[in-house]
Every structure is written in structure tokens, then in C-alpha cells.
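**Student:** Let me begin by handing over the structure; questions about it come next.
In this note's numbering, the protein residues as written are 127 to 635.
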């Protein structure tokens with residue numbers, strides 16, 4: 127129920143600030159840990175590959191929680207759900223900050239992701255409810271801006287906090303922000319009418335989803351260390367995941383109240399739009415995970431400077447988003463999406479030309495250029511995937527698209543790290559084959575490093591490792607470039623007209 131008539135401009139402003147701040151925290155936490163991963167992994171005594179769990183644990187649990195948002199809001203009320211989710215998110219953030227081991231941190235990141243699930247959908251729902259129809263576009267444009275700014279701020283803020291203080295503070299900062307958001311939103315929305323209803327929960331579907339997705343994520347994260355299918359653990363996990371996900375699909379297609387409405391894939395544009403959305407977002411997520419790790423572990427960047435190098439990707443989306451939202455429907459949205467993939471693909475091929483001598487300015491300019499693609503990505507692809515859904519299915523479509531996109535980002539984090547490290551190992555082995563004391567080039571290199579002693583060999587191995595990771599990084603960006611080329615072609619399989627049927631859900635996140 128909307129009661130926007132009772133809001134004065136000052137109270138509307140405060141409600142908007144409080145609601146947007148909670149979403150800012152949640153989106154910020156998807157990227158703020160990226161540049162801190164090398165520091166966190168080192169402090170907690172784990173490898174960079176194991177450290178990726180800090181990212182994937184949050185993303186998977188967040189994705190699993192998203193389908194529950196509608197049921198929870200109907201059961202407890204939208205405002206109450208938002209307030210409790212924000213309180214629990216702040217508490218989980220504090221617990222992440224005081225973690226003393228990687229298993230402990232991962233456990234609290236899972237909790238943090240679960241309670242963060244309702245924050246964005248509830249922010250969007252409440253903004254639509256409290257704003258008069260004529261001004262809802264402005265409110266949602268502001269929300270879209272927040273969701274663009276937060277990922278930019280994440281690497282910069284995370285890097286600065288890690289270098290200037292310590293990594294736990296990237297989580298502690300959520301506590302005062304969460305408290306402020308709760309106080310403000312409660313003060314402004316406490317008199318809003320509450321409508322609750324009880325609907326059956328699809329517990330069987332939810333459980334099979336958790337088991338299937340959870341097992342798959344564990345396989346992706348552990349596979350490289352356990353030599354994949356040479357390990358009984360990976361084989362058993364794969365069987366469990368396959369059976370659970372197959373059961374989940376069958377159950378959801380037949381249940382009257384599915385936790386995830388898979389029947390939406392019967393609509394052509396929803397299918398095509400979802401494919402390009404997942405592919406584009408997964409590639410974007412992986413690029414912004416690998417780049418800061420490479421800069422810190424192989425190029426000698428501090429966390430702060432790595433964050434600053436990555437951050438320009440968000441400048442043009444902030445500037446272009448209002449114009450894209452206003453004028454996009456005057457063009458064929460497939461063309462805009464294709465231009466998005468073209469810009470992001472070209473930026474990947476530019477990165478594939480990097481060497482160990484690449485400077486900060488070059489890296490930042492390529493990131494800035496990729497921002498053109500990011501600005502043209504979300505609105506056209508969301509509108510395409512919503513375009514042939516009946517009005518009664520749009521809310522389910524928005525929820526399913528967000529769920530799959532979040533899940534895609536989580537899987538991308540694991541696969542990206544595995545590809546990067548695996549290719550580096552392969553390149554290291556290849557380069558090392560040519561190093562022997564009978565080779566004149568090797569002898570000259572060792573002599574330049576002070577002779578053929580152990581220290582010289584260690585220094586030479588560092589050079590080889592750095593070059594191997596450089597070659598792996600080039601391989602990865604080349605692969606992502608061709609993925610964007612493929613997505614450019616796939617998006618043309620969607621059928622116009624697209625219009626603006628996606629309504630408010632097509633804005634932003």
C-alpha cells in the first residue's frame with residue numbers, strides 16, 4: 127500500500143537517504159574486499175585462491191536469499207523486513223571484522239550475504255511506494271546512481287582502509303552506516319500501513335537449491351587444489367550438485383508456489399536477455415577481481431593504488447546513466463547492448479596488450495574506456511529480458527534475473543581465479559624448462575644476479591613467476607574479449623518490440 131501523500135519533502139529526502147544508504151552498504155560489500163584479498167589471505171595464512179572464498183561466500187548466500195524476499199516481505203511487512211535486514215547486516219559486518227581465521231570469516235560472510243538479500247529489493251519497493259508516480263523515475267534514477275557509485279567506491283575505500291588502518295575496518299564501517307539507516311528509515315516510515323499475509327513456503331525447492339548451488343560452489347573453489355576428478359571429494363560433490371539441481375528444476379516447474387519461477391524461461395526475450403546479462407556481468411565481475419590482485423601481487427601496487435587504478439571504470443556510468451535512461455528507448459536496445467559488449471570487449475583486448483612495464487595511467491584509461499560499456503549494459507539488457515513478460519510476471523522476472531546475475535558473479539569469481547592461477551602455473555612450467563646452467567642466457571642472467579647461488583636462483587624464479595602471471599593475465603583478458611564478442615551476436619536473437627514494459631524494475635541494480 128502506498129501512502130506517498132503523507133510525506134513532506136524533508137521527510138521524503140530523509141527516507142530516500144536512509145533507504146539508499148542501506149543499498150549502498152550492500153553493493154559496496156560486493157567489491158570492497160577485492161583489493162584487500164591479498165592482505166586478508168596473508169594475515170589469515172591462506173593462499174590467494176582460498177582467499178577468494180571471502181568474495182564467493184557472500185555472493186552465493188546473497189543469491190540464495192534473494193528468492194526469499196517476496197515471501198518474507200508478505201509475511202513480516204516491507205518496512206520491518208528492511209529494518210531487521212539492515213540491523214543483522216551491520217551485526218554480521220562487525221562479526222566479519224573480529225574474525226581471527228578464514229573459516230570464521232567465511233562463516234560470517236555467509237551470514238552477511240543471507241541477511242543482505244532483501245536490502246536492494248526492499249529499497250526499490252519502498253521508494254516506489256513512498257514517491258508519487260510523477261517522481262518515481264527520479265527516485266529510481268538516484269537508486270541506480272547509488273548502485274553504480276558503490277562498486278567504484280569499493281576498491282578505493284577498501285584499498286585506503288587496508289593500507290591506512292587494517293582490513294577489519296572494511297567491515298566495521300558498515301556498523302555506523304547501518305545504525306544511521308535504521309534510525310532514519312524507522313523514523314520516516316514507522317506510520318506506513320503494514321499489510322501481511324501468509325503463503326506456503328517452498329521449503330523443498332529452497333533446500334534443493336541450497337544443496338545444489340552450495341555443492342557446485344565448493345567444487346569450483348576446491349577443484350584445482352584437489353586435482354579435480356582425481357579426487358573422490360570432487361566426484362561425490364559433483365554427483366550431489368547434479369542430482370540436487372536436477373531435482374530443483376523438476377520440482378520448481380511443477381510446484382504451485384515455486385521459490386524460483388523457472389517457467390519464465392518459456393519467454394524468448396527473457397531467455398536471451400538472461401544469457402547476455404549473466405555472461406556480461408560474470409565477465410565484468412571477474413575482470414574487476416583479477417585486475418587488482420594482479421596489480422598487488424605482481425606489479426607492486428599497494429591496495430590503495432590498485433583501487434585507484436580500477437576505479438575509473440565507474441566514472442562514465444555515473445555521467446551517462448541519466449541520459450541512457452532518458453533516451454535509450456529511442457534506439458534498438460539490441461544495438462545499445464551490442465555497443466556495450468563491443469566497448470567492454472575492446473577494453474579486454476587492450477588489456478591483453480599489457481606488459482610488466484605498463485603504467486598506472488594506461489591501466490586507468492582502459493578502465494575509463496570500459497565504463498562506456500558498463501553504462502550501456504544494465505538498462506538495455508534488463509529491458510530486453512523483461513519485454514515479453516506479462517505484467518503479472520515482471521516482479522518475478524526482476525527477482526529471477528537478479529538472482530541469476532548474482533549467482534553468475536559468484537561462480538565467475540571462482541572460475542576466474544582458477545583460470546588465472548592454472549594458466550600461470552602452466553606458463554611457469556614452460557618458461558622454467560628453458561632454465562639450465564648449460565644455457566648461455568641462463569648463465570648470463572644468474573651472473574647479473576650475483577652468480578649461481580641459491581639467492582640468484584630465487585631471484586630468477588621471481589622473474590619467471592612475474593612473467594608467467596603476466597602471460598596468464600593476457601590469456602584471461604583475451605578470453606574475456608572473445609566472450610564479449612560472442613555476447614554481441616547472441617543479443618540479436620532477441621525479438622523486438624521491447625518498449626518499456628519492464629517498468630521500474632528495469633532501473634539500476
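The beta-carbon is built from N, C-alpha and C at its ideal position, and this holds for glycine as well.
1. Using a Cβ-Cβ cut-off of 7 Å (strictly less than) and excluding sequence neighbours within five positions of residue 629, which residues of its own chain qualify?
2. If you run the structure through DSSP and keep just helix, strand and coil, what is residue 420?
3. Just mark residue 285 as buried or exposed, buried being the case when its beta carbon has 16 or more other beta carbons within 10 Å.
4. With a cut-off of 8 Å, do at least 3 Cβ pairs link the segment 406 to 418 to the segment 339 to 357?
5. Using only the alpha-carbon positions, how far apart do residue 393 and residue 588 sit?
6. Identify the continuous alpha helix (DSSP H) that holds residue 478 and give its terminal residues.
7. Which same chain residues, not among the five before or five after residue 632, have their C-beta less than 7 Å away from its C-beta?
8. For residue 174 versus residue 543, is the C-beta spacing smaller than 9 Å?
9. Look at the alpha carbon of residue 539 and the alpha carbon of residue 306, and state the distance between them as a whole number of angstroms.
10. Quick one: what does DSSP say residue 172 is sitting in, helix, strand or coil?
11. How long is the line joining the alpha carbons of residue 223 and residue 245, rounded to whole angstroms?
12. Classify residue 235 as buried or exposed, calling it buried when 16 or more other Cβ atoms lie within 10 Å of its own Cβ.
13. What residue range does the alpha helix (DSSP H) around residue 440 cover?
14. Where does residue 118 sit, in a helix, a strand or coil, going by DSSP?
15. Rounded to the nearest angstrom, what separates residue 127 and residue 316 at their Cα positions?
16. For the candidate residues 341, 357, 373, whose alpha-carbon lies nearest to that of residue 363?
17. Please name the residue, chosen from 344, 559, 216, 382, that lies closest to residue 365 on a Cα-to-Cα basis.
18. State the Cα-Cα distance for the pair residue 417 and residue 426, rounded to the nearest angstrom.
19. Drop a sphere of 10 angstroms on the beta-carbon of residue 429, count the other beta-carbons inside from all chains shown, and report buried for 16 or more, exposed for fewer.
20. Taking only the alpha-carbon atoms, compute the straight-line gap between residue 162 and residue 380 and give it to the nearest angstrom.
21. Short check: CB of residue 196 to CB of residue 321, under 9 Å?
**Tutor:** In short, the structure shows the following:
1. Locating residue 629 in the chain shown gives position 503, counting from the first residue. Residue confidence is low: residue 629 scores 42 on pLDDT, short of 50, so the model does not pin down where it sits. Its coordinate-derived value is still stated next. 520.
2. The residue given as residue 420 occupies position 294 in the chain shown. Looking at residue 420 - three-state DSSP - the assignment turns out to be helix.
3. One-based indexing of the chain shown puts residue 285 at position 159. Answer is buried; the Cβ neighbour count reaches 16.
4. no
5. Position 267 of the chain shown, counted from the start, is the residue given in the question as residue 393. Position 462 of the chain shown, counted from the start, is the residue given in the question as residue 588. So the two alpha carbons sit approximately 53 Å from each other.
6. In the chain shown, counting from the first residue as 1, residue 478 sits at position 352. Here residue 478 belongs to no alpha helix (DSSP H), and DSSP marks it neither H nor E.
7. The residue labelled residue 632 in the question sits at position 506 within the chain shown. Summary for residue 632: the model assigns pLDDT 39, below 50, so the residue's position carries little reliability; its value from the coordinates is reported in the next sentence. Around residue 632: 505, 508, 509, 512.
8. Reading the chain shown from its first residue, position 48 is the one you call residue 174. Reading the chain shown from its first residue, position 417 is the one you call residue 543. Yes; because the gap between Cβ atoms is below 9 Å, this pair is in contact.
9. Taking the first residue of the chain shown as position 1, residue 539 is located at position 413. Taking the first residue of the chain shown as position 1, residue 306 is located at position 180. Taking the straight line from one Cα to the other gives about 32 Å.
10. Numbered from its first residue, the chain shown carries residue 172 at position 46. It is coil, neither helix nor strand.
11. For this step, residue 223 is matched to residue 97 along the chain shown. For this step, residue 245 is matched to residue 119 along the chain shown. Roughly 21 Å between the two C-alpha positions.
12. By 1-based counting over the chain shown, the position of residue 235 is 109. By the neighbour-count rule (16 or more Cβ atoms within 10 Å), residue 235 is buried.
13. Against the chain shown, residue 440 aligns to sequence position 314. Counting along the chain, residue 440 falls outside any alpha helix (DSSP H), and DSSP gives it neither H nor E.
14. The structure shown has nothing for residue 118, since the chain only spans 127 to 635.
15. What you label residue 127 is simply residue 1 of the chain shown in a count that begins at 1. What you label residue 316 is simply residue 190 of the chain shown in a count that begins at 1. Because the pLDDT at residue 127 is just 46, under 50, the model does not fix this residue reliably, and the point stays unresolved.
16. Numbered from its first residue, the chain shown carries residue 363 at position 237. Comparing Cα positions, the closest option is 341.
17. Residue 365 sits at position 239 when you count from the first residue of the chain shown. Minimum Cα distance to residue 365 is reached at 344.
18. To locate residue 417, count along the chain shown from 1; it is residue 291. To locate residue 426, count along the chain shown from 1; it is residue 300. Whole-angstrom Cα-Cα distance: 13 Å.
19. On the chain shown, residue 429 is found 303 positions in, with the first residue counted as 1. Buried is the call here.
20. As a working mapping, residue 162 is identified with position 36 in the chain shown. As a working mapping, residue 380 is identified with position 254 in the chain shown. So the two alpha carbons sit approximately 44 Å from each other.
21. Along the chain shown, read from residue 1 onward, the residue named residue 196 stands at position 70. Along the chain shown, read from residue 1 onward, the residue named residue 321 stands at position 195. Going by C-beta atoms, residue 196 is not nearer than 9 Å to residue 321.
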